[in-house]
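FYI, in UniProt numbering the residues of the sequence shown are 1 to 378.
We put the CB at the ideal spot given by N, CA and C, even for glycine.
One structure is given below, encoded as structure tokens.
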Amino acid sequence: MGDIRFVSREELKKAAELSDLVFRDEEQTSMAAKFPGIFSGSYLSSPGVFEDGQLVAFAGLVPGYIQMGPVSVPVFSLGSVCTYPEYRGKGYANALLQRVFDHIDRAGSSLLLVSGTRDLYIRQGCHTFGSVHSYLLSTENEAVRKAAAGPAFVREAEERDWFGLQKLAESREVRYDRSLYELAALVRAEAIADIYKLKQKIYVAESEGCLQAYAIIAVRDKRKTEAVPLVIEWGGAPEAALQAISWAVAANEISELQLPVPWHETGMIQALGSSAYRETPNPGTVKIVSPVRLWLQIQPYLQQKSPEALSGVELHYVAPGGETVLTVNGTAVHLNDKELISLFFDTGPQLELPAAIRGQLKELFPVPLPYASGLNFV
């Protein structure tokens, strides 16, 4: 086994070269430019495996906060997990994940969002989670046509709009916490758009000189791609955001536009009315590194949601076999990793529970998480 340690600021260039070898082609920009959270050197939380002093495997790990109502939960996001071909099969990826889990625990976080869904992650307790309404919009869509006639004035965003964009982003009840600088850096990076060989544009809807909503959209440019244009992120009033999206569809002559809407964004779901959608999990997987710590961190959110239901529920400890023990009015419920994730984050958790317990837990769960393949994608 090689030496496993955090990659230094000077070594991140080599990490980016490895990531480019595995994930990029000649038409795509280096990941060093597209994923500043990993490669800028602002954070040095990404581990690597070294043999004879040379980096041979890498995992990009980025800390952050997710806001859900009154609660700000510290989380980590994992991506760009890669190994040089000649060093694969040595268990380095598994070893890197163990170092990641250990760091998350030591840092006082409890939650890991993973960009991948491979068996590598499933074996380590990462599982799919959440529910997203995936819409495919066009100019023929009734909600799009109706929104296009909305009262706001729609235009492409300009440099003067940063304060307004930040204010709208912060108005979302469930979001990644970002500073104005972080917002600008992620917008400039165009990470998601570049993955699909698309170009990013921002549209704003304003009324009487005030921004009402924004939509960050990936559209086609000169590069050849089969990717369908998509909405990367939106914020503000749902009706105004949908008007901005509708305007972008027409302005860019988009035949089809993907719009992912997590289950908790009910305003946008209502604005889309009877539009057809596919229900899919939130992209990637999630791991609850410390169930007890996460339970404590989200207490204010659960208290606000239903103090009556919360009063009879406790999460005590993790049993020796790896199961989490949840007590509901004195009745112990043992949950494995997948069941716990399903309870916390799925709209229809697959759990065998008595009707009374199921009803009480439904008053508390699921807990909302932002769309994982948006502007903050790692």
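Check your understanding: Which ranges does the alpha helix (DSSP H) cover as unbroken runs of at least 4 residues, wholly within the stretch 72–133, from first to last along the chain?
Key -> Whole alpha helix (DSSP H) segments, 4+ residues: 92–106 and 119–122.
Exercise for review: Closer than 8 Å by C-beta to residue 102: which residues in its own chain qualify, once you throw out the five before and the five after it? Chain order, please.
Suggested key: For residue 102, there are no CB contacts under 8 Å within the same chain when 5 residues up- and downstream are skipped.
Practice item. Could you say which of 326, 65 and 59 lies nearest to residue 176 if we only look at CA atoms? Key: The alpha carbon of residue 176 has as its nearest neighbour, out of 326, 65 and 59, the alpha carbon of 65.
Check your understanding: Would DSSP call residue 146 helix, strand or coil?
Key -> Taken through DSSP and simplified to helix, strand or coil, residue 146 comes out as helix.
Check your understanding: Which ranges does the alpha helix (DSSP H) cover as unbroken runs of at least 4 residues, wholly within the stretch 12–65, from first to last along the chain?
Key -> You should have 12–23, 31–34 and 36–39.
Review point. Rounded to a whole number of angstroms, what is the C-alpha to C-alpha distance between residue 50 and residue 16?
Key: Our two residues, residue 50 and residue 16, have alpha carbons roughly 15 Å apart in a direct line.
Practice item. Measure how close the beta-carbons of residue 124 and residue 338 come, nearest whole angstrom, since I'm counting them as under 8 Å. Key: At roughly 12 Å, the Cβ-Cβ gap does not stay under 8 Å, so residue 124 and residue 338 are not in contact.
Exercise for review: Counting only runs of 3+ residues fully inside the stretch 177–237, write out the beta strand (DSSP E) ranges in chain order.
Suggested key: Within the stretch 177–237, the complete beta strand (DSSP E) runs of at least 3 residues are 199–207, 210–219 and 230–236.
Check your understanding: Residue range of the alpha helix (DSSP H) that residue 301 falls in?
Key -> Residue 301 -> alpha helix (DSSP H) spans 299–305.
Practice item. Within 10 angstroms of the Cβ of residue 233, are there 16 or more other Cβ atoms? Answer buried if so, exposed if not. Key: Looking at its Cβ environment, which holds 16 or more other Cβ atoms inside 10 Å, residue 233 is buried.
Review point. Are the beta-carbon atoms belonging to residue 55 and residue 11 less than 8 Å from one another?
Key: Yes; because the gap between Cβ atoms is below 8 Å, this pair is in contact.
Review point. Is the beta carbon of residue 318 sitting closer than 8 Å to the one on residue 291?
Key: Yes; because the gap between Cβ atoms is below 8 Å, this pair is in contact.
Review point. If you draw a straight line from the C-alpha of residue 210 to the C-alpha of residue 154, how long is it?
Key: Taking the straight line joining both Cα atoms gives about 11 Å.
Practice item. Tell me whether residue 157 is buried or exposed, calling it buried when 16 or more other Cβ atoms sit within 10 Å of its Cβ. Key: That one is buried.
Point to revise | For residue 68, three-class secondary structure by DSSP | key: In the three-state reduction of the DSSP assignment, residue 68 falls in the strand class, which pools E and B.
Point to revise | residue 284 - DSSP class collapsed to helix/strand/coil | key: Here residue 284 sits in strand by DSSP.
Review point. Where do the N-terminal and C-terminal ends of the beta strand (DSSP E) with residue 257 fall, by residue?
Key: Its beta strand (DSSP E) spans residues 257–262.
Check your understanding: Over what stretch of residues does the beta strand (DSSP E) that includes residue 5 continue unbroken?
Key -> Counted as a single uninterrupted DSSP element, the beta strand (DSSP E) harbouring residue 5 occupies residues 3–6.
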